[in-house]
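Structure first, then comments.
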Amino acid sequence: MAGLMWGVGTADVFVDASTVDIVGESLVAEFEPEFADTGLVEADPAGEGLRILCGQEIGTVGVGAELWDGAPPLETAGWQDVAEVSVTWESAFMDYATNWQESDDEACRLPLGAEGAGTYRVRVHGRHRDGDDPRADGDPREEYLVQVWRAAPGGPALLKATSATGAYWRRGG
Numbered sequence: 002m003a004g005l006m007w008g009v010g011t012a013d014v015f016v017d018a019s020t021v022d023i024v025g026e027s028l029v030a031e032f033e034p035e036f037a038d039t040g041l042v043e044a045d046p047a048g049e050g051l052r053i054l055c056g057q058e059i060g061t062v063g064v065g066a067e068l069w070d071g072a073p074p075l076e077t078a079g080w081q082d083v084a085e086v087s088v089t090w091e092s093a094f095m096d097y098a099t100n101w102q103e104s105d106d107e108a109c110r111l112p113l114g115a116e117g118a119g120t121y122r123v124r125v126h127g128r129h130r131d132g133d134d135p136r137a138d139g140d141p142r143e144e145y146l147v148q149v150w151r152a153a154p155g156g157p158a159l160l161k162a163t164s165a166t167g168a169y170w171r172r173g174g
């Protein structure tokens, strides 16, 4: 059974242009995702980068991250959408390319540590993706959980799909 190696609590991450970008040391994710496969996450085919599609165009969402030593147990309860993609990583950490609202920026990094460069599977969970934009006071907070583990490459996988936001993007946006 897989074990959790490292995890970061939920950070307040600023969303711009409806995405949260996760990048390596290059701090760049320069690709135009279509989100047609999952409506939630897409990996940069030419480099180390991921984009998570949010329901809000501009705002703050909660993002937690975990590094596992193998595929974590699949838990879909409480999440609207869950999807996986593979990504090839060249550096020793993953970081949010957007602005986060933490006093300690190291707290938001997901270090790959001894695992280092290689191919990883990334599972993204999302909830509260549907709603007004901007969100009204009292609306549920949009949240994401990113789980990462070393794995052989594989195609995108949609594991749960219940949000209107995800359905819209899977139809071509």
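Whatever position you read off the sequence shown (first residue = 1), add 1 for the numbering used here. Virtual Cβ for every residue (Gly too), placed ideally from N, Cα, C. What you are looking at is a predicted structure, and each value in this text was computed from that prediction instead of being measured.
| Check | Outcome |
| --- | --- |
| Nearest candidate by alpha-carbon position, reference A153, set G173, L160, Y121 | Y121 |
| DSSP bridge partner residues for R171 (one or two, in chain order) | Note: R171 sits in no beta bridge, so no partner. |
| Distance, R136 Cα to A84 Cα | 24 Å |
| Secondary structure of V9, DSSP reduced to three states | strand |
| 7 Å Cβ cutoff met for Q57 and D138 | no |
| Close beta carbons around G132, own chain, < 7 Å, minus the five adjacent residues each side | G56, D140 |
| Three-state class that DSSP yields for A72 in the structure shown | coil |
| Burial state of M95, where buried means 16 or more other Cβ atoms lie within 10 Å | buried |
| Expected contact under 8 Å - CB spacing of P73 and W7 to nearest Å | Going by Cβ atoms, the distance from P73 to W7 rounds to 12 Å, so no, they are not a contact pair. |
| Alpha carbon of D105 to alpha carbon of T11, nearest angstrom | Residue placement at D105 cannot be trusted, given a pLDDT of 47 that sits under 50; the coordinates are not used to answer. |
| Alpha-carbon to alpha-carbon, V64 and T77 | 16 Å |
| Cβ-Cβ separation, P157 to V86 (assumed contact under 8 Å), whole Å | 5 Å |
| Distance between beta carbons of G173 and L41, contact taken as under 8 Å | The pair is not a contact, with the Cβ atoms about 15 Å apart (cut-off 8 Å). |
| Beta-bridge pairing of H126 - partner residues as DSSP gives them | V83, L146 |
| A18 versus R124, G25, E33, T163, residue with shortest Cα-Cα distance | E33 |
| Cβ distance (whole Å) where T166 is taken to contact R142 below 8 Å | Not a contact, Cβ separation roughly 15 Å. |
| Separation of T89 from E49, as counted between CA atoms | 6 Å |
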